[in-house]
Amino acid sequence: MARNLTVLPAYLTRLFSLAGKTAVVTGGSSGIGREIALALGQSGAKVILVARRAEPLAAAAEQLAQLGVPATPIAADLSNLADLHHATARIKSAHGVPDILVNAAGSGAGLSSSNSSPRSHDHRRRTGTPQLSLSRVTQGDWDHAIAANLTAPFALGQAFGPGMAARGSGRIINVVGGGGGGGAYGVAKGGLVSLTRSQAAAWSRSGVLCNAIAPGVVVIERPASETEEVLADAADAAAAAAETAEAVEAHAARTMIGRNGVVEDFAGVAVWLASGASAAVTGQTIFVDGGYSAT
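In UniProt numbering, the protein residues as written are 1 to 295.
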């Protein structure tokens, strides 16, 4: 008997629609955060983008608007608690407590593989600006990495999580490092995995499901000028670029799918975790790394 496929769109809508939801996406001006914002918006959510740089933030909001997605850009340096609290106050005042919080912002994850536009983000092993071993990390390096990559997601969760719980529903999605990595950045991203489980333990019984997405190496297109600026900040820029290109290629060879990630890989898993389709999933870290973590 032939299946009636005309019911499929309605069924998928019931599973995955985010119509009527409000999503806050940090780091939504570029990379994985931007792709997640686009995915949530096209699934029906109103999107609030929070990022540090105003120009790419405005461009991301305009891209969403062209797709018919209501988008609000908020420029804020989330490593600065005063900025963060101001941003959360603006969000609550204008939009109330959001339904979805995506913590995709971070500092220190990027690594440029060359002076051209492709840029690789390795959320397991820091590749980007050359990663300092812990023996070279200063107190300032440490404080910034923890503030941007761990304290900010904690503070945002504290700002919105209790309100979500009082309402009886919500989603928190943290973009973490698959294996922690080294240096202060790796410590912070490893801590974010634990924070995700703690958030899940605190709020899941109140309907707030908290999960993490762990990327591997993700190739992200950047303007050449931005990539060159990153490399100009590195004392050993040439060596770092060569080392990074080799590491990126080696990583791709070790994945089960034979390639590194692209930002589009994160759209589906983000919509799934944000929607009713993941109603019994909480406290988990979902690896989106082409099987690298299983090798």
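Virtual Cβ for every residue (Gly too), placed ideally from N, Cα, C.
Relative to the C-alpha of residue i, which residue among the options is closest?
i	options	result
L156	G177, L101 and D141	L101
V217	G191, E249 and R205	E249
H95	G163, K189, A202 and G33	G163
M256	G276, G290 and A247	G290
A59	A82, A45 and E35	E35
T138	G183, F154 and G106	G183
Q42	A61, I74 and P56	A61
V176	G161, A159, C210 and A201	C210
W272	I286, I32, R136 and V263	I286
G168	A294, S278, S206 and P9	S206
T295	A253, G276 and R136	A253
F154	S135, L134, A166 and A200	A200
T88	G161, H251 and F266	G161
G28	V208, S198, R52 and L134	R52
Bridge partners of residue i, per DSSP?
i	result
A214	F287
N149	None; N149 has no bridge partner.
L209	R171
I74	V50
T22	K46
V262	V219
Using 8 Å for Cβ pairs, my map puts residue i next to residue j. What's the rounded Cβ distance?
i	j	result
A148	L195	No, A148 and L195 are not in contact; Cβ-Cβ is about 14 Å, not under 8 Å.
A71	L81	In fact, because the Cβ distance is near 25 Å, the residues do not count as touching under 8 Å.
K21	D83	Not quite, the Cβ-Cβ distance comes to about 25 Å (not below 8 Å), so this is no contact.
N174	A145	Between A145 and N174 the Cβ distance is about 16 Å, and since that is not below 8 Å, they are no contact.
A247	A39	With 8 Å as the limit, A247 and A39 do not qualify as a contact, their Cβ atoms being about 28 Å apart.
G186	L150	Not a contact, Cβ separation roughly 11 Å.
A19	V50	A19 to V50, Cβ: 22 Å. No contact.
V25	A104	6 Å
I74	I48	6 Å
Residue range of the beta strand (DSSP E) that residue i falls in?
i	result
R136	It is not in any beta strand (DSSP E) - R136 carries neither H nor E in the DSSP assignment.
A51	K46 to A51
Would you mind reading off the limits of the alpha helix (DSSP H) that contains residue i?
i	result
A94	L81 to H95
L101	Taken as a continuous stretch (DSSP letters only), L101 belongs to no alpha helix (DSSP H), being part of the beta strand (DSSP E) at I100 to N103.
I32	G31 to Q42
Y185	G183 to W203
A10	L8 to F16
L273	A267 to A274
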